[in-house]
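Protein chains in written order, with the working numbering: chain G, 4 to 303; chain S, 4 to 303. Cβ coordinates follow ideal geometry from the N, Cα and C atoms, glycine included. Worksheet: the structure to be examined is printed underneath.
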DNA sequence: CTCCTTTATACTCGACTTGAGTATATCGCG
DNA sequence: CGCGATATACTCAAGTCGAGTATAAAGGAG
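Below you can see the structure in the form of structure tokens.
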């Protein structure tokens with residue numbers, strides 16, 4: 004079984020939420036995601052990642068999940084001798100104590116994806132982006148219909164609902180259309196901050212994965228402090244999803260799952276009536292799904 | 004940005020369904036999954052995989068999706084100079100024309116996972132497997148409770164429902180408990196056929212991913228012929244899920260999605276009343292989800 | 001030719017889930 | 001004490017889902 008030689012590199016999308024803002028850990032003042040070599044000394048990929056993230060940033064990583072492995076030739080600068088395989092991970096971090104001087108910093112992820120935050124309604128920039136994309140669709144007569152449908156679906160145009168999970172599809176459309184700086188669209192400002200190489204695409208992958216995951220796995224709690232109020236929990240989910248949620252229904256959803264329990268304490272720091280504090284029930288299996296199957300199973 | 008050197012290898016889980024049996028492509032008479040080196044000549048990982056699968060097997064791969072990247076030290080035989088990174092893919096193949104002599108062969112995937120097929124009720128072997136696992140849980144008093152809960156959840160014991168998606172979790176429990184041949188359980192026959200290295204685990208990963216995916220993405224159609232009856236479609240889904248489905252509800256689910264359309268023809272090959280033939284509506288976006296969101300979204 | 005078996009297709013009904021809205025409780029503060 | 005603010009509880013209609021029943025249209029046995 005012969006195998007080709009390659010350089011191996013690990014890239015991390017580390018996410019945290021401070022107050023109402025979802026953040027991602029970056030290096031180079033927000034221009035790149037933290038990354039490092041995968042070395043012989045490392046026991047496994049996960050172990051390798053945990054090790055240097057812990058070393059370099061001082062933050063223990065809670066939940067960790069593999070995102071994707073890239074090796075496209077046009078994505079990496081070939082050394083001429085071998086190519087680079089990049090294995091990306093999504094990690095969730097609880098605390099975000101002020102980073103020391105010169106240390107990696109946290110940046111709000113909507114800096115890079117302003118069109119993804121719909122908590123205050125659809126951003127104004129979306130309109131302009133959609134128009135750019137539609138003009139791009141018209142330019143290629145042979146693929147026009149397909150492109151139009153993709154745009155309408157991804158951006159929730161013409162009656163289709165906005166789907167927060169499609170962060171990656173939206174970014175890829177914008178990349179294809181040359182609307183983002185990475186792919187040529189210099190003049191156009193509403194498309195957010197760019198990043199080194201394909202790091203912004205990796206971040207989009209991480210956001211999309213996390214947004215999808217919070218719907219069926221109780222991973223949000225990896226981002227919460229030990230005890231929290233229901234509104235804090237809701238605000239965290241809203242920050243991640245970039246959407247506002249219906250409060251009574253959110254509460255109903257949460258306590259129908261038996262995921263949390265009251266600590267017995269209350270806090271009056273919220274302004275109005277004191278809120279009960281809750282904690283995550285660690286007895287709950289991580290595998291446990293929020294929702295059920297979608298197949299019409301027959302039991303005889 | 005320094006990067007460590009490693010060998011890169013691609014591994015494929017290629018799935019097809021013949022009649023009522025889900026199959027996987029294998030080499031070495033069913034002992035291993037097809038794999039090959041990732042070389043400089045390849046444009047990307049996907050392209051590399053498509054290339055040698057096409058060359059070696061003569062089957063064009065339809066849908067292709069990355070599964071997981073492994074590099075654990077104990078999983079691969081180190082060359083002493085570098086380690087091996089294995090990138091696994093799940094591919095769906097439509098036709099399964101008889102493979103030529105000496106060519107790779109297809110094996111029913113329940114040969115390797117007999118306990119996963121619940122179409123004729125829970126297999127007898129499940130009982131014995133569950134008892135083995137429970138004895139294993141009792142042996143470690145400190146982790147006993149956690150293990151018990153994992154077993155009950157994964158195998159649907161004590162009132163919990165069997166969840167077909169948990170193929171990987173079940174295999175991993177069995178591996179941990181030393182019930183499968185790979186991890187020492189030689190005497191025990193009900194645990195199916197074993198494979199080279201960690202290939203059976205990779206197959207479990209592929210099965211689990213496919214079972215989960217058919218619930219929210221219309222990927223089944225990648226396994227269907229150009230035109231098919233509704234029962235054929237149902238049998239294919241049932242083969243993959245290892246479950247029987249409720250016929251009227253399956254039909255309702257399918258046509259509420261607008262995924263297929265009548266060809267206008269019928270076939271009388273099914274025995275009774277002739278069945279209408281359908282085809283997949285290719286206009287449908289692949290991204291299109293079967294079901295909706297599980298967050299209580301608020302629209303103001 | 002008719003009945004019977006077999007598969008296909010259509011409809012019904014109750015339980016549960018989901019989206020949306022309303023009502024009541026309890027704090028700080030002027 | 002009343003008012004704004006937040007917390008918490010309840011209601012209700014529409015939609016979805018599981019389960020079962022009814023009718024249609026073929027082939028084959030007698």
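Go through its chain and collect everything with a Cβ distance to residue i's Cβ below 6 Å, but skip five positions before and after it.
{"i": "residue 184(G)", "result": "197"}
{"i": "residue 244(S)", "result": "167, 214"}
{"i": "residue 1(S)", "result": "The displayed coordinates of chain S run from 4 to 303. Any statement about residue 1(S) would go beyond what the structure contains."}
{"i": "residue 78(S)", "result": "Residue placement at residue 78(S) is poorly supported in this model, since its pLDDT is 47, which falls under 50; the coordinates still yield a value, given next. These residues qualify, in order along the chain: 201."}
{"i": "residue 104(S)", "result": "Low local confidence applies: a pLDDT of 47 at residue 104(S) is under 50, so the model's placement there is unreliable, with the coordinate-based value given in what follows. For residue 104(S), where only same-chain residues beyond five positions count, there are no Cβ hits under 6 Å."}
{"i": "residue 165(G)", "result": "159"}
{"i": "residue 169(G)", "result": "157"}
{"i": "residue 178(S)", "result": "186"}
In chain G, which residues lie less than 8 Å from residue i when you measure between Cβ atoms?
{"i": "residue 230(S)", "result": "Those within 8 Å of residue 230(S) in chain G number zero; the least Cβ separation is about 23 Å."}
{"i": "residue 184(S)", "result": "Simply none; closest approach about 21 Å."}
What is the C-beta distance between residue i and residue j, in whole angstroms, given that I count them as a contact (C-beta under 8 Å)?
{"i": "residue 199(S)", "j": "residue 34(S)", "result": "5 Å"}
{"i": "residue 140(S)", "j": "residue 158(S)", "result": "Incorrect: roughly 12 Å between the Cβ atoms, too far for contact."}
{"i": "residue 73(G)", "j": "residue 47(G)", "result": "Rounded, the Cβ-Cβ distance is 19 Å, inconsistent with contact."}
{"i": "residue 124(S)", "j": "residue 29(S)", "result": "Going by Cβ atoms, the distance from residue 124(S) to residue 29(S) rounds to 28 Å, so no, they are not a contact pair."}
{"i": "residue 8(S)", "j": "residue 10(G)", "result": "6 Å"}
{"i": "residue 221(S)", "j": "residue 262(S)", "result": "5 Å"}
Sort out for me which residues DSSP pairs residue i with in a bridge.
{"i": "residue 28(G)", "result": "109(G)"}
{"i": "residue 264(G)", "result": "282(G)"}
{"i": "residue 231(G)", "result": "281(G)"}
{"i": "residue 90(G)", "result": "13(G), 72(G)"}
{"i": "residue 38(G)", "result": "14(G)"}
{"i": "residue 157(S)", "result": "The partner list for residue 157(S) (beta bridge, DSSP) is empty, contrary to what the question assumes."}
{"i": "residue 300(S)", "result": "248(G)"}
{"i": "residue 67(S)", "result": "94(S)"}
{"i": "residue 269(S)", "result": "279(S)"}
{"i": "residue 8(G)", "result": "10(S)"}
{"i": "residue 19(G)", "result": "26(G)"}
{"i": "residue 254(S)", "result": "DSSP, once it has assigned bridges, lists no residue as partnering residue 254(S)."}
{"i": "residue 122(G)", "result": "124(G)"}
How would you list, in chain order, the residues of chain G whose beta-carbon sits under 7 Å from the beta-carbon of residue i?
{"i": "residue 72(S)", "result": "48, 69, 72, 90"}
In chain S, which residues lie with their C-beta within 8 Å of the C-beta of residue i?
{"i": "residue 9(G)", "result": "8, 9, 10, 11, 41, 88"}
Cutting at 8 Å between CB atoms, please list the residues of its own chain near residue i, excluding the five before and the five after it.
{"i": "residue 300(S)", "result": "none"}
{"i": "residue 56(S)", "result": "15, 17, 37, 62, 64, 94"}
{"i": "residue 45(G)", "result": "51, 54"}
{"i": "residue 174(S)", "result": "116, 183, 203, 204, 207"}
{"i": "residue 153(G)", "result": "172, 176"}
{"i": "residue 12(G)", "result": "38, 39, 40, 41, 87, 88, 89, 90"}
{"i": "residue 264(G)", "result": "281, 282, 284"}
{"i": "residue 240(S)", "result": "217, 223, 248, 253"}
{"i": "residue 143(S)", "result": "150"}
So is the beta-carbon of residue i under 7 Å away from any non-hydrogen atom of the ligand ATP?
{"i": "residue 147(G)", "result": "The ligand ATP is absent from the structure shown, which contains no ligands of any kind."}
Can you name, in chain order, every residue of its own chain whose Cβ lies under 7 Å from the Cβ of residue i, other than the five neighbours on each side?
{"i": "residue 246(S)", "result": "121, 122, 167"}
{"i": "residue 254(S)", "result": "233"}
{"i": "residue 266(S)", "result": "230, 280, 281, 282"}
{"i": "residue 212(S)", "result": "70, 93"}
{"i": "residue 354(S)", "result": "With chain S covering only 4 through 303, there is no way to say anything about residue 354(S)."}
{"i": "residue 307(S)", "result": "A question about residue 307(S) goes unanswered here, because the residues of chain S that appear run from 4 up to 303."}
{"i": "residue 163(G)", "result": "155, 156"}
Can you list the residues of chain S that residue i reaches, using a CB-CB cut of under 7 Å?
{"i": "residue 256(G)", "result": "299"}
{"i": "residue 310(G)", "result": "Residue numbering for chain G in the displayed model covers 4 to 303; residue 310(G) lies beyond these limits and cannot be assessed."}
Check distances from the C-beta atoms of the stretch 28-51 of chain G to those of chain S and list, in chain order, the residues that come in under 7 Å. From the stretch 28-51 of chain G, only 38, 40, 41, 42, 43, 46, 47, 48 have a Cβ closer than 7 Å to chain S.
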